[in-house]
Amino acid sequence: MISTPFTRRFDLRFPIVSAPMGGVAGGHLAATVSNAGALGMIGGGYGDLHWVEKQLNLVSASTDRAWGIGFISWSLKPEVLQLALQFKPAAVILSFGSLQPWAAQIKESGAALGCQVQDLQTARQAIDAGADFLVAQGAEAGGHGGTLATMPLVPSIVDLASGIPVLAAGGIADGRGVAAAVCLGAQGAMLGTRFYASEEALGHQDLKQELVRCDASDTVKTQVFDVLREYAWPESFTGRAIQNDFVRRWHSHTSELASRAAALMPAFTQAQSSGDTSRAMVWAGECVSLVNGIESADALVRRIGADAEAVLADATGASSTGPTYRR
Numbered sequence: 167m168i169s170t171p172f173t174r175r176f177d178l179r180f181p182i183v184s185a186p187m188g189g190v191a192g193g194h195l196a197a198t199v200s201n202a203g204a205l206g207m208i209g210g211g212y213g214d215l216h217w218v219e220k221q222l223n224l225v226s227a228s229t230d231r232a233w234g235i236g237f238i239s240w241s242l243k244p245e246v247l248q249l250a251l252q253f254k255p256a257a258v259i260l261s262f263g264s265l266q267p268w269a270a271q272i273k274e275s276g277a278a279l280g281c282q283v284q285d286l287q288t289a290r291q292a293i294d295a296g297a298d299f300l301v302a303q304g305a306e307a308g309g310h311g312g313t314l315a316t317m318p319l320v321p322s323i324v325d326l327a328s329g330i331p332v333l334a335a336g337g338i339a340d341g342r343g344v345a346a347a348v349c350l351g352a353q354g355a356m357l358g359t360r361f362y363a364s365e366e367a368l369g370h371q372d373l374k375q376e377l378v379r380c381d382a383s384d385t386v387k388t389q390v391f392d393v394l395r396e397y398a399w400p401e402s403f404t405g406r407a408i409q410n411d412f413v414r415r416w417h418s419h420t421s422e423l424a425s426r427a428a429a430l431m432p433a434f435t436q437a438q439s440s441g442d443t444s445r446a447m448v449w450a451g452e453c454v455s456l457v458n459g460i461e462s463a464d465a466l467v468r469r470i471g472a473d474a475e476a477v478l479a480d481a482t483g484a485s486s487t488g489p490t491y492r493r
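Position in the sequence shown (from 1) plus 166 gives the number in the working numbering.
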């Protein structure tokens, strides 16, 4: 068993967190991950109150273990956070934008404040805001993120954090990746793309199958889907997605796309709901090369966790119970 202060805080069997992927990580996925012994997260996305409430009701009715919810800071609405805190999540993760005034409200509720960071500057801001744990997100991650790679980013954040738990994210999809994260000083890992390709994740089956079909070279960092949907993402964050006909058409022509967004949006919405992979948005990290099937989240947690323990035991010559984190 890989025991760290982070796993002990949330009573986890495995040092694994499912990423709060907007529109993908609903209450069913979060509950399944938590029931398997990891920390399941709901993706609060852009803060649709009714959708968030539905997922909160689902997770709270489906597990008595620790679970959490994540939000995009710059789009978070006070009423959505207030609603979420009423359901007593064990953790709330903020990403992409100012942490205030949300950080204080989260900590006052008793939930652990997690902050996803992409560099030392955002890590310092999170520490100053009172973060209970950090998620060091490398550029290999699917969806929105920064520009620094996971391998050098994680230990630099660990050194800066001085004992505050750090999770690694970006490019991790199996037990080898989780074990590597622990070797870098992280107390666990957050996985997104691998859990997108799960039975419990929301989204059309054909879009999930695209994750199985593609590899890392099929992904690209792009602003296409933000421009199309007219979402005001800070320019420092682009999103890693599967390249398709739509991305190839507009990736280098975002100004023209902006002028035609309203006209193109209905076809995009239809593509997303029907699973048309030539037009739909499929966020995916570089670890998509390691996704070779759609499985239950329960099976994923247990296999990835067991594999991580085995890898660390082999690497350190430890017993089958694996190492205990003592930092």
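Beta carbons: idealized from backbone N, C-alpha and C, even for Gly. All of these numbers come straight from a predicted model, not from anything done at the bench.
For leucine 195, the enclosing alpha helix (DSSP H) has its first and last residue at 193–201. For the pair leucine 423 and methionine 431, the Cα-to-Cα distance works out to about 10 Å. The stretch 346–357 makes contact with the stretch 328–338, as at least three CB pairs between them are under 8 Å. The alpha helix (DSSP H) runs lying completely inside the stretch 366–417 and spanning 4 residues or more are 371–379, 390–395, 411–416, given in chain order.
Closest by C-alpha distance to glycine 209, out of Leu319, Ser261, Asp230, Ile168, is Ser261. Lysine 374 counts as buried, since at least 16 other C-beta atoms from the protein chains shown sit within 10 angstroms of its C-beta.
Phenylalanine 176 places its beta carbon 8 Å or farther from that of glycine 471.
Here valine 448 is buried: its Cβ has 16 or more other Cβ atoms, across all protein chains shown, within 10 Å. In this structure, the alpha-carbon of glutamine 252 lies about 43 Å from that of threonine 482.
Of the residues Phe391, Pro321, Asp214, the one whose Cα lies closest to the Cα of glutamine 438 is Phe391. Counting along the chain, isoleucine 293 sits inside no beta strand (DSSP E); it lies in the alpha helix (DSSP H) bounded by residues 286–294. Counting along the chain, cysteine 281 sits inside the beta strand (DSSP E) bounded by residues 278–283. With a threshold of 16 other beta carbon atoms within 10 Å, glutamine 371 falls short and is exposed. Between the stretch 291–311 and the stretch 409–416, the count of C-beta pairs closer than 8 Å stays below three; the two stretches do not touch. Apart from the 5 residues on each side of it in sequence, aspartate 285 sits with its Cβ closer than 7 Å to the Cβ of Gly312, Leu314 in its chain, given in chain order. Here the alpha carbons of aspartate 464 and glycine 236 stand approximately 20 Å from one another. Straight-line spacing of the CA atoms in lysine 220 and aspartate 214 works out to 10 Å. Between the beta-carbon of methionine 187 and that of glycine 309 there is about 7 Å, and that keeps the pair under the 8 Å contact cut. For glycine 311, the uninterrupted beta strand (DSSP E) run begins and ends at 309–311, by DSSP. Take the alpha-carbon of isoleucine 293 and the one of serine 264: they are about 13 Å apart. In this structure, the alpha-carbon of proline 318 lies about 22 Å from that of arginine 360. Using a Cβ distance threshold of 8 Å, threonine 435 and glutamine 389 do not count as a contacting pair.
Of the other Cβ atoms in all chains shown, 16 or more fall within 10 Å of the Cβ of valine 283; this residue is therefore buried. For glycine 343, the enclosing alpha helix (DSSP H) has its first and last residue at 341–349.
The Cβ atoms of cysteine 380 and valine 454 lie closer than 8 Å to each other. Taking each of Ser169, Ile168, Met167, Ser200 in turn and checking the Cα distance to valine 467, the smallest one comes out for Ser200. Under the three-state reduction of DSSP, glutamate 245 is assigned to helix. Contact between alanine 367 and alanine 191 is confirmed by a C-beta separation of about 7 Å, below the 8 Å threshold. The beta carbon of tryptophan 268 sits closer than 7 Å to the beta carbons of Ser239, Leu242, Leu247, Leu260 from its chain, once the five residues preceding and following it are set aside; these are given in chain order. The beta carbon of valine 218 lies closer than 7 Å to those of Gly210, Val246, Leu249, Ala250 in the same chain, with the five residues before and after it left out. Beta-bridge partners assigned by DSSP to glutamine 303: Ala335.
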